[in-house]
Structures are given as C-alpha cells and as structure tokens.
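Asker:
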Amino acid sequence: MYHTLIIVGNVGKDPEMRYTPSGQAVTSFSVATNRQYTAGNGEQVKETIWFRISTWGKTAEVCNQYLKKGTKVLIEGRLTPDKTTGGPRIWTKQDGTAGASFEVTAQTVRFLSSRAEGESAPMAGGSMEMAELPPEDEIPF
Numbered sequence: 004m005y006h007t008l009i010i011v012g013n014v015g016k017d018p019e020m021r022y023t024p025s026g027q028a029v030t031s032f033s034v035a036t037n038r039q040y041t042a043g044n045g046e047q048v049k050e051t052i053w054f055r056i057s058t059w060g061k062t063a064e065v066c067n068q069y070l071k072k073g074t075k076v077l078i079e080g081r082l083t084p085d086k087t088t089g090g091p092r093i094w095t096k097q098d099g100t101a102g103a104s105f106e107v108t109a110q111t112v113r114f115l116s117s118r119a120e121g122e123s124a125p126m127a128g129g130s131m132e133m134a135e136l137p138p139e140d141e142i143p144f
C-alpha cells in the first residue's frame, strides 16, 4: 500500500532544526493552507488547515537555511498519524476552541515564493536523504 499527499501553502513560522542522536538533521515547520468559499446561505467562509512538516537529511538542512515565515511551498509527503489517537494532533487554541494539525513527513519540498516577494531560495527536492541545490555560484543572492 502507498499514499502521498501534496500540500501548497505558506510557512507558518520559521523552521526549527535539530539532530538525532545518530547525527541526522531533522527540520520541523508548519504550513497553512487556506480555502475561501461561499456557503449555501451566501456567507463567505474562510478555512485554514495546518500541517506540521518534518524533513530529514539534506532536505532538512536546506529547509532550515532558506525557509522562513510566509514562504510559499509545495510539500509532497506522507501523513504520519498521532501515536495516541491514530489521527491528527488535537490541541486547544488561545480562544478555547479545538484545533487540529496534520503531521506530514516530507519527501519533496519546493520553494514557490518569487523573488519579487522577497524570497530567493532554490528548490529542495528528491528523497528525504537528498536535496538538490544549484552550485554555490548560481544561488541568486
């Protein structure tokens, strides 16, 4: 069996990188996807879904170096269920309402923000162990 998930959204806060005891890099960051539609009663509805992304190896290092809050990204990966519930991670928002975030282990991360938006990061793609970077003299900053 196999599943893959594709998410396009904005990074919610700057990434956080750490290392496993064996020395492998792991970077975590959140991505918000937004959807706006008109309900049957004519009311405009704004819906935001949060995903908690984990990247590993070279991809983790590249994401930690180039991603920042607000960056537009495309994530391709697999869902990782909460170990206690088997579903999304449930939490309480500051206003007291329930929230949920979905855990995703990324296999590919593509940086979608344009240079005009202040982003000049290269794409990081490939497997979890390999991120493809342009040669250092081709990085546009």
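Under the numbering used here, the first residue of the sequence shown carries the number 4, and numbering increases by one thereafter. Cβ coordinates follow ideal geometry from the N, Cα and C atoms, glycine included. All figures in this text were calculated on a predicted structure; none of them were measured in a lab.
Within the chosen definition, does the stretch 73 to 90 reach the stretch 101 to 115 through at least 3 CB pairs nearer than 8 Å?
Answerer: With contact defined as three or more Cβ pairs closer than 8 Å, the stretch 73 to 90 and the stretch 101 to 115 are in contact.
Asker: Expressed to the nearest angstrom, what Euclidean distance is found between the alpha-carbon atoms of residue 25 and residue 65?
Answerer: 19 Å
Asker: For residue 121, count neighbouring Cβ atoms within 10 angstroms of its own Cβ and tell me buried if that reaches 16, exposed if not.
Answerer: At residue 121 the pLDDT is 47, less than 50, meaning the model places this residue with poor confidence; the figure from the coordinates comes in the next sentence. Per the 10 Å Cβ criterion, exposed.
Asker: Across which residues does DSSP place residue 19 in a beta bridge pair?
Answerer: DSSP, once it has assigned bridges, lists 31 as partnering residue 19.
Asker: With DSSP as the reference, label residue 10 as helix, strand or coil.
Answerer: Correct three-state label for residue 10: strand.
Asker: Considering only their Cβ atoms, is the gap separating residue 34 from residue 67 smaller than 8 Å?
Answerer: no
Asker: What did DSSP end up calling residue 96 once you bin it into helix, strand or coil?
Answerer: coil
Asker: Buried or exposed for residue 59, going by 16 or more other Cβ atoms inside 10 Å?
Answerer: buried
Asker: Output the distance between the C-alpha atoms of residue 41 and residue 22, rounded to the nearest integer angstrom.
Answerer: 45 Å
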